[in-house]
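Under my numbering, the first residue of the sequence shown is numbered 11, with each subsequent residue one higher. This report refers to the structure that appears directly beneath it.
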Amino acid sequence: MENVAESDDVRTSIIHLPDDCLSFIFQRLDNLDDHDSFGLACHRFLNIQNINRRSLQFQCSLSLLIPSSLSQPTLAVNSDHLHRLLTRFQWLEHLSLSGCTVLNDSSLASLRYPGARLRSLHLDCCYGVSDDGISTVASFCPNLRVVSLYRCSISDIGLETLARAASLALRCVNLSYCPLVSDFGVKALTQACLQIESVKISNCKSITGVGFINSSPTLSYVDAESCQLEPKGVAGIVSGGGIEFLNISGAVSYIGKDGLVPIGSGVASKLRVLNLRMCRTVGDESIKAIARGCPLLQEWNLALCHEVRVEGWVAVGKWCCSLKILHVNRCRNLCDQGLLGIRRGCKNLRILHMNGNARLTTTAIEMFKLHRGDVTLRSEEVMVIGPDWRLYTRG
Numbered sequence: 011m012e013n014v015a016e017s018d019d020v021r022t023s024i025i026h027l028p029d030d031c032l033s034f035i036f037q038r039l040d041n042l043d044d045h046d047s048f049g050l051a052c053h054r055f056l057n058i059q060n061i062n063r064r065s066l067q068f069q070c071s072l073s074l075l076i077p078s079s080l081s082q083p084t085l086a087v088n089s090d091h092l093h094r095l096l097t098r099f100q101w102l103e104h105l106s107l108s109g110c111t112v113l114n115d116s117s118l119a120s121l122r123y124p125g126a127r128l129r130s131l132h133l134d135c136c137y138g139v140s141d142d143g144i145s146t147v148a149s150f151c152p153n154l155r156v157v158s159l160y161r162c163s164i165s166d167i168g169l170e171t172l173a174r175a176a177s178l179a180l181r182c183v184n185l186s187y188c189p190l191v192s193d194f195g196v197k198a199l200t201q202a203c204l205q206i207e208s209v210k211i212s213n214c215k216s217i218t219g220v221g222f223i224n225s226s227p228t229l230s231y232v233d234a235e236s237c238q239l240e241p242k243g244v245a246g247i248v249s250g251g252g253i254e255f256l257n258i259s260g261a262v263s264y265i266g267k268d269g270l271v272p273i274g275s276g277v278a279s280k281l282r283v284l285n286l287r288m289c290r291t292v293g294d295e296s297i298k299a300i301a302r303g304c305p306l307l308q309e310w311n312l313a314l315c316h317e318v319r320v321e322g323w324v325a326v327g328k329w330c331c332s333l334k335i336l337h338v339n340r341c342r343n344l345c346d347q348g349l350l351g352i353r354r355g356c357k358n359l360r361i362l363h364m365n366g367n368a369r370l371t372t373t374a375i376e377m378f379k380l381h382r383g384d385v386t387l388r389s390e391e392v393m394v395i396g397p398d399w400r401l402y403t404r405g
């Protein structure tokens, strides 16, 4: 009988494997150096490497910090660089152009290469990108789930164009420091995108919040720090019924003592994290309503809320049964009786941020420590609380 092993002169090597097998091998390389050098073997391996790349960001990216590169000059990514990269990596799903300040509207024409495959796009600090560029994005990338436009020159027109084009896919949008966006743009976004989950509009001075009225129940995260919010706008933000995180710290318009009562009307019953830092005019009626109407609240920042008095603090202690972290830094009207109300209630409280409360006596603080050994007192003042925005940007 002929020995097949001896008569068969066929030699098999990795180069004879089909592309899908090579892709399988490439995807399971654990070592970063092996990943980067894979394409150096031959043109075929380079092509395998290219088609398997799913994300791309640059050294100038605001979210990418490499300490060893801080002393080195950073390449200014221009339209030509972007064109060459996107023609090479046409299977990208995540692209960050954040910090690429020389890019403009025409630069985004290269997005036609990854096109509909793109799931997330970050254009933070791309100052030259305006409505025309966003229109290009809308044309080529209808399946975007995450878009970050921090400090871009987009207006309501561009936002409406994007919302209509990606209405079925869009989940997370960052519009922070976009001064040309108003309630009209927000309304276009929330009415068109029925799966919207998170929106950042911090420091957008033309937004009062009314654009959120009748928004989707999927909306769970809104960061509206330092906006021109009005009571009707605050009610609009929570109107969908799905809000879990809300930041309206530093509200620069006059909300009034009772302006936040709608939050506690029952429509925000899923709320878990609430940042009211520097809402200086908010009074006891708002605090009582929120304490009663938001039973799942776990972290509440009331630092610098000067109009919260004994009645409000007692309500926090009585009704906030799920509260774990409370911030009361520099609240002028937190007195011994108010701290007593917190001490006697808030049975799940674990951390209390407290300093600069002039009306509190040393005796009241020591009594709190004695009776609530389960609570850690911290003097540092925290401005940013809740989940990191990046948790919502994975596309």
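Where a beta carbon is used, it is the ideal one built from N, C-alpha and C, also for glycine.
Does the beta-carbon of residue i have 16 or more other beta-carbons within 10 angstroms, so that it is buried, or is it exposed?
| i | result |
| --- | --- |
| Gly383 | exposed |
| Arg94 | exposed |
| Val394 | exposed |
| His337 | buried |
| His381 | exposed |
| Trp310 | buried |
| Tyr264 | exposed |
| Gln308 | buried |
| Asn339 | buried |
| Asn184 | buried |
| Lys357 | exposed |
| Arg407 | Because the chain in this structure spans residues 11 to 405, residue 407 falls outside the shown range and cannot be described. |
| Leu270 | buried |
| Leu401 | exposed |
| Glu390 | exposed |
| Ser186 | buried |
| Arg127 | exposed |
What is the rounded straight-line gap between the Cα of residue i and the Cα of residue j?
| i | j | result |
| --- | --- | --- |
| Val385 | Asp398 | 24 Å |
| His316 | Leu190 | 32 Å |
| Leu350 | Cys330 | 14 Å |
| Cys188 | Glu254 | 24 Å |
| Leu92 | Leu199 | 28 Å |
| Ser225 | Val318 | 30 Å |
| Cys289 | Arg354 | 25 Å |
| Ala173 | Thr372 | 55 Å |
| His132 | Tyr123 | 17 Å |
| Leu333 | Gly246 | 25 Å |
| Ser78 | Glu170 | Any answer about Ser78 is weak, because its pLDDT of 45 lies below 50 and its placement is not dependable; what the coordinates show is given next. Approximately 41 Å between the Cα atoms of the pair. |
| Ile76 | Asp166 | Summary for Ile76: the model assigns pLDDT 46, below 50, so the residue's position carries little reliability, and this model does not support an answer. |
| Ala234 | Val392 | 17 Å |
| Ile361 | Asn88 | 48 Å |
| Glu240 | Thr146 | 34 Å |
| Glu321 | Gln347 | 9 Å |
| Gly252 | Val157 | 21 Å |
Compare the Cα-Cα distances from residue i to each of the options and report the closest residue.
| i | options | result |
| --- | --- | --- |
| Phe222 | Lys197, Val147, Cys162 | Lys197 |
| Arg63 | Asn365, Leu169, Arg98 | Arg98 |
| Gly109 | Leu96, Pro124, Ala176, Gln67 | Gln67 |
| Val277 | Ile300, Ile265, Ser140 | Ile300 |
| Gly396 | Asn285, Ser332, Gly327 | Asn285 |
| Arg342 | Cys182, Arg282, Ala175, Trp323 | Trp323 |
| His363 | Arg388, Ile375, Cys345 | Arg388 |
| Val292 | Ser279, Gly266, Ser140 | Gly266 |
| Gly303 | Arg340, Val248, Ala175 | Val248 |
| Ser192 | Gln205, Asp346, Asn213, Ser177 | Asn213 |
| Ser65 | Asp90, Arg129, Ser230 | Arg129 |
| Leu180 | Cys203, Asp166, Arg161, Thr171 | Cys203 |
| Cys151 | Ile217, Val271, Ala175, Leu107 | Ala175 |
| Ile258 | Lys215, Ser275, Gly250 | Lys215 |
| Cys345 | Glu376, Asn367, Val326 | Asn367 |
| Ser208 | Pro272, Val232, Ser163, Tyr160 | Val232 |
| Ala313 | Leu281, Lys328, Ser275, Gly260 | Gly260 |
With DSSP as the reference, identify every bridge partner of residue i, one or two as the case may be.
| i | result |
| --- | --- |
| Ile335 | Glu309, Ile361 |
| Asp346 | In DSSP, Asp346 forms no bridge with anything. |
| Leu105 | Leu66, Leu131 |
| Tyr160 | Answer is none; Tyr160 lacks a bridge partner. |
| Asp398 | In the DSSP output, where bridge partners are listed per residue, Asp398 has none listed. |
| Asn114 | Gly138 |
| Asp294 | Beta-bridge pairing links Asp294 to no other residue. |
| Asp233 | Lys210, Asn257 |
Do residue i and the ligand PLP come close, with the Cβ less than 6 Å from some heavy atom?
| i | result |
| --- | --- |
| Ser249 | Ligands in the displayed structure: none, and consequently the ligand PLP is not present. |
For this session: Jot down the residue ranges of each uninterrupted beta strand (DSSP E) in the stretch 358 to 392, minimum 3 residues, whole runs only, in chain order.
Result: 361 to 363, 386 to 388
Exercise. Can you list the alpha helix (DSSP H) stretches of 4 or more residues lying completely in the stretch 250 to 285, in chain order?
Worked result: none
Exercise. What are the uninterrupted segments assigned as alpha helix (DSSP H) that are 4 or more residues long and contained completely in the stretch 121 to 156, given in chain order?
Worked result: 141 to 150
Problem set entry | Ordered list of alpha helix (DSSP H) runs contained in the stretch 164 to 216, each at least 4 residues | 166 to 175, 193 to 202
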